[in-house]
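Novice:
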Amino acid sequence: MNIELKNTRNYLMGVAEDLKQFTSSELDRKRARVSKAGNSYTSEITYTGRLKDSLDIIDSSTGNKIDIVLQGLEYGNYLNEGTGGGHFPPLDQMISWVDRKIAVLKDQKGNSMPKTAKNLRSVAFVISRSIALRGISPTNYLTDIVNDKFDSIIESLTPEVAMDIEENIESILLELGYTKKGDDYVLETSN
């Protein structure tokens, strides 16, 4: 069937662009979270910006097949869904994360510690071990976007699909077995 879905495709490309923007905003937004260890904190999801920078829209649409994907680094899914543990994060990356994200280092008794290389490494190791044992709690940043935007996307898609059907009705009817007779389409059946 040779049906052009240009209106639907253009609409969905716009939706993908919007979702990319919403995702970037969600990564930068501070949100209250609770770690798997039960600690409460408020922080943006973005650390280096690599996840946000990795967001890309891939359009592999061809003819009457629409294939539009918003993709990014795989760890974005882990941040959204959380993890169950079993993976020890790279210590050098954790040291950098601790240095940037944790304003005041504290020892096991809750006493403040200076930000020395040794203390940063110690705290990073303890957090890495906790992640390896417990995993990380979900942020649901992608889930929140989908839940928030899904209904409006579906509702506003209807006119675009209707325009594509209207523009391609002849091809659709012929493909379904109708025959054009003058201005009418007739489906001939055998008795």
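If you're matching positions, the sequence shown starts at 105 in our numbering and goes up one per residue.
Just so you know, even glycine gets a beta-carbon here, dropped at the ideal spot from N, CA and C.
1. Relative to the C-alpha of residue 185, which candidate in 140, 255, 289 has its C-alpha closest?
2. Within a Cβ cutoff of 8 Å, which residues of the same chain sit near residue 187, ignoring the five residues on either side of it in sequence?
3. Specify the secondary structure class of residue 240 as computed by DSSP and reduced to three states.
4. Assuming the contact rule is C-beta atoms closer than 8 Å, residue 135 and residue 127 should be a hit. Round their C-beta distance to whole Å, please.
5. For the putative contact between residue 120 and residue 174, defined by C-beta atoms under 8 Å, what is the C-beta separation to the nearest angstrom?
6. So, with DSSP's three-state summary, where would you put residue 145?
7. Under a three-way DSSP split, which group does residue 225 fall into?
8. Below 8 Å, how does it come out for the segment 110-117 and the segment 256-273: are there three or more Cβ pairs, yes or no?
9. Return helix, strand or coil for residue 174, following the three-state DSSP convention.
Specialist: By the coordinates alone:
1. Position 81 of the sequence shown, counted from the start, is the residue given in the question as residue 185. Ranking the options by Cα distance to residue 185, first place goes to 140.
2. Position 83 of the sequence shown, counting from 1, holds the residue named residue 187. The residues are 235, 239, 240.
3. The count along the sequence shown starts at 1 and reaches residue 240 at position 136. DSSP places residue 240 in coil when its eight states are reduced to three.
4. Here residue 135 corresponds to residue number 31 of the sequence shown, with the count starting at 1. Here residue 127 corresponds to residue number 23 of the sequence shown, with the count starting at 1. With a beta-carbon spacing of about 14 Å, residue 135 and residue 127 fall beyond the 8 Å limit used to define contacts.
5. By 1-based counting over the sequence shown, the position of residue 120 is 16. By 1-based counting over the sequence shown, the position of residue 174 is 70. Here residue 120 really is in contact with residue 174; their C-beta atoms are around 5 Å apart, less than 8 Å.
6. For this step, residue 145 is matched to residue 41 along the sequence shown. Three-state result, residue 145: strand.
7. Here residue 225 refers to the residue found at position 121 of the sequence shown. Of the three classes helix, strand and coil, the one that applies to residue 225 here is helix, per DSSP.
8. Note that the segment 110-117 touches the segment 256-273; at least 3 beta-carbon pairs, one per stretch, sit closer than 8 Å.
9. Counting from 1 along the sequence shown, the entry for residue 174 is found at position 70. Under the three-state reduction of DSSP, residue 174 is assigned to strand.
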